[in-house]
Amino acid sequence: MKDVERVSPLPALRDAAWFALAAGLLEAALLLAHGRLIHGFIYLSPHLVWMAPLSNLAWFGIPVASILLLSRVAPRLGTMRATWGICLFLAALSILLLPSQLHWIAAVGLALGIAIQGTRILLARRTGFDRLVRRTLPLLVAGVLVAAMATIAWGTIRERRQARLIGHAREGAPNIIFIVLDTVRRASLSLYGYNRPTTPGLERWAKRGVLFQHAFSTASWTLPSHASMFSGRFPNEMSAAWLTPLDDKQPLLAERLRDSGYLTAGFVANLLYCNREFGLARGFVHYEDYQITPGEFLVNSSLGRALSESHFLRRVTGWYDIAGRKPGRKVTDQFLAWREANGTRPYFAFLNYFDAHQPYFPPPELASRFGPTEGRNYDLLELRPYMGKIEDAAEKLTPTQVAAERNSYDATLAYLDQELDRLLTTLDQDGSLKNTIIVIASDHGEQFGEHGLFDHGNSLYRFTTEVPLIILGNSLPRAVVDNPVSLRDLPATLLDLSGSDGRLPGESLRPWWTAGARPITGPVISETAGPSPKRRFQATVSGGFHAIWSLDSVELYDFSRDSAEMTNLATTPSGIARLGQLRASLDSAIGSMGKPR
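According to the numbering used here, numbering within the sequence shown proceeds without interruption in unit steps and concludes at 599.
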């Protein structure tokens with residue numbers, strides 16, 4: 003067969019399928035090896051092993067089918083050289099795109115070279131290669147199908163086995179639902195006096211339980227904050243860091259409750275730091291992070307990820323959201339479906355909602371509720387969850403763009419409020435709310451230009467650490483707690499309210515709403531250790547002041563009179579004396595700034 007002789011569609015598409023499946027399996031194997039052997043994060047679904055090959059069927063099949071159609075008017079495009087050239091280029095590119103250090107231009111250049119040389123080699127051995135494809139394609143198909151069935155079945159088998167090992171909870175043990183509204187700051191909730199009606203539903207529900215006016219997270223970003231809320235530990239007592247998962251050295255809340263007879267389940271939408279790779283799933287019998295959706299198929303192949311993160315394609319299509327993002331309604335529905343399927347035994351459920359995390363994309367019907375959202379600076383903010391850097395956003399964003407971001411963020415809060423109202427109303431109507439303790443909190447806040455900063459994780463100002471906290475339960479009174487409290491104490495609180503014998507560090511918050519009880523009052527502490535020493539901070543709220551230390555600065559603010567933290571009192575005579583006391587208190591509790599993680 004001459005090189006210009008047209009190939010029939012069936013062999014061309016068969017070869018494309020072979021290349022697609024082989025490249026996808028190799029890509030999955032390399033990523034899994036990277037995660038297991040080098041302990042690196044792949045940020046991908048455990049279904050990667052079969053999703054990547056199936057995703058590649060589209061990325062390889064569409065170009066090959068296209069050239070076959072075009073070959074009707076350009077016969078040279080219908081040759082085996084063209085088919086193999088495209089497939090070899092895409093296969094090489096899918097592997098070369100895996101190392102994050104390799105620029106995409108370099109990857110494309112290398113892939114072109116591999117495709118040219120590889121095509122020459124295959125043309126010289128086309129009979130043998132054709133035999134290889136015929137013999138191994140069924141094996142590749144079978145391997146992908148077996149991987150899919152095994153991955154899905156193993157999760158189900160593992161869950162059922164763990165559920166059978168759980169003992170019996172004490173009689174009358176309440177259900178516990180721990181809700182974390184990712185990136186929701188107190189300052190933007192009408193529940194706490196914000197001038198926009200972002201949370202009318204929460205305002206109604208808070209009247210049925212305990213509302214904490216000043217709750218603080220232990221960190222201003224996701225992983226250490228969640229780790230504290232699960233372990234009762236301060237961030238510097240744990241391994242959880244920007245590129246380090248939470249290890250298994252400290253017991254977690256889900257483990258304690260599971261050992262007390264609770265069925266445990268997690269439903270998370272933050273796949274950046276709440277997926278299984280980062281250690282937060284420990285103790286959960288059932289844990290839903292990644293989904294089997296078109297968006298997940300897209301990002302589970304390197305070619306799909308590259309396209310989904312392409313600035314050029316985002317500008318052309320006008321699509322800037324996170325591929326595979328799980329909306330709040332999905333989190334709610336997953337929990338309700340699981341609860342319905344698991345009978346009446348006591349459960350501990352963790353729900354993580356991600357809608358208020360940047361980039362902010364509320365549902366269309368809510369998008370303009372609080373003002374126009376046009377003109378957002380997507381070039382600066384579009385890929386922040388993956389790779390964006392917005393430390394210089396204060397200089398680049400115009401007031402109109404900042405307002406558009408705020409409007410979008412507030413609309414996501416209104417959406418979350420609706421979802422929580424739907425969830426709580428469902429539980430109330432079926433009567434299960436009577437024996438359920440519900441905690442509604444956030445892991446950290448957000449900044450919109452305050453102190454010249456945007457995003458979170460880069461400071462410990464109140465906009466990033468002061469968060470909502472509501473505890474609801476049939477046995478709890480209606481109460482408002484004005485004293486500052488730490489989310490670090492939530493594990494001890496929930497173990498106390500559950501009647502469990504398990505213990506975790508921290509103090510139960512119950513005395514704050516119990517008449518005659520004496521709460522233990524210590525400093526409320528926050529920490530953030532960034533990837534560079536300049537982004538390492540420690541802070542404490544104590545004695546009516548909020549103090550923040552970094553390696554080269556110190557700030558002190560009057561807690562009750564200066565909520566926006568505009569006046570730094572650190573250099574005043576009284577401030578200097580106060581800082582000495584606060585520093586001693588903080589060092590006594592967690593150690594100095596230089597203490598290793």
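C-beta: ideal position from N, C-alpha, C; glycine also.
For clarity, every value in this text was computed on a predicted model and none was experimentally measured.
In the three-state DSSP reduction, ASN58 falls in the helix class (H, G or I).
C-alpha of LEU581 to C-alpha of LEU462: approximately 16 Å in a straight line.
Nearest neighbour of ARG198 by Cα position, chosen from SER587, ASP432, ALA24, SER370, turns out to be SER370. When DSSP states are grouped into helix, strand and coil, SER227 belongs to the helix group. Under the DSSP assignment, ASP560 falls in the beta strand (DSSP E) whose first and last residues are 556-560. The stretch 194-209 makes no contact with the stretch 219-231: fewer than 3 CB pairs, one atom from each, lie closer than 8 Å. The DSSP-derived three-state label of LEU265 is strand.
ILE294 places its beta carbon less than 8 Å from that of HIS49. Excluding sequence positions up to five before and after ALA171, its CB lies within less than 8 Å of the CB of SER262, GLY263, TYR264, ARG347, PRO348, all in the same chain and listed in chain order. The way I'd put it, the stretch 95-111 does touch the stretch 303-311; three or more beta-carbon pairs between them come closer than 8 Å. Take the alpha-carbon of ARG408 and the one of ALA267: they are about 33 Å apart. In this chain, the beta strand (DSSP E) harbouring ALA481 covers 481-483. Per DSSP, the continuous alpha helix (DSSP H) segment holding LEU496 begins and ends at 492-500. When C-beta atoms of the stretch 334-348 are compared with those of the stretch 277-287, fewer than three pairs fall below 8 Å, so the two segments do not count as touching. DSSP places PHE91 inside the alpha helix (DSSP H), whose first and last residues are 82-98. Taking each of LEU300, ASN177, PHE337, LEU471 in turn and checking the Cα distance to SER500, the smallest one comes out for ASN177.
In the structure shown, THR201 adopts coil according to DSSP, grouped into three states.
Under the DSSP definition of a beta bridge, ASP589 lacks any partner. Runs of the alpha helix (DSSP H) spanning 4 or more residues and lying entirely within the stretch 314-365 occur at 330-343, in chain order. Distance check between ARG331 and each of LEU425, LEU191, ALA76, PHE450 places LEU425 closest, using alpha-carbon atoms only.
The beta carbon of SER552 sits closer than 7 Å to the beta carbons of ARG538, PHE539 from its chain, once the five residues preceding and following it are set aside; these are given in chain order. With a cutoff of 8 Å on beta-carbon distance, MET82 and VAL182 are scored as not near each other. The beta carbons of ASP484 and GLU509 sit no closer together than 8 Å. Less than 8 Å separates the beta-carbon of TRP20 from that of LEU139. Annotated as distal: SER310 and TYR362, with beta-carbon spacing of 8 Å or more. The Cβ atoms of VAL487 and VAL441 do not sit closer than 8 Å to each other. Using a 10 angstroms sphere on the CB of ARG188, the tally of other CB atoms reaches 16 or more, which defines it as buried. Burial is judged here by how many other beta carbons sit within 10 angstroms of a residue's own beta carbon; LEU104 has fewer than 16 and is exposed. Taking the CA atoms as reference points, ILE592 sits about 36 Å from GLY169.
Counted as a single uninterrupted DSSP element, the stretch harbouring THR185 is not any beta strand (DSSP E), since DSSP gives it neither H nor E.
When the beta-carbon positions are compared, LEU23 and GLY234 stay at least 8 Å from each other.
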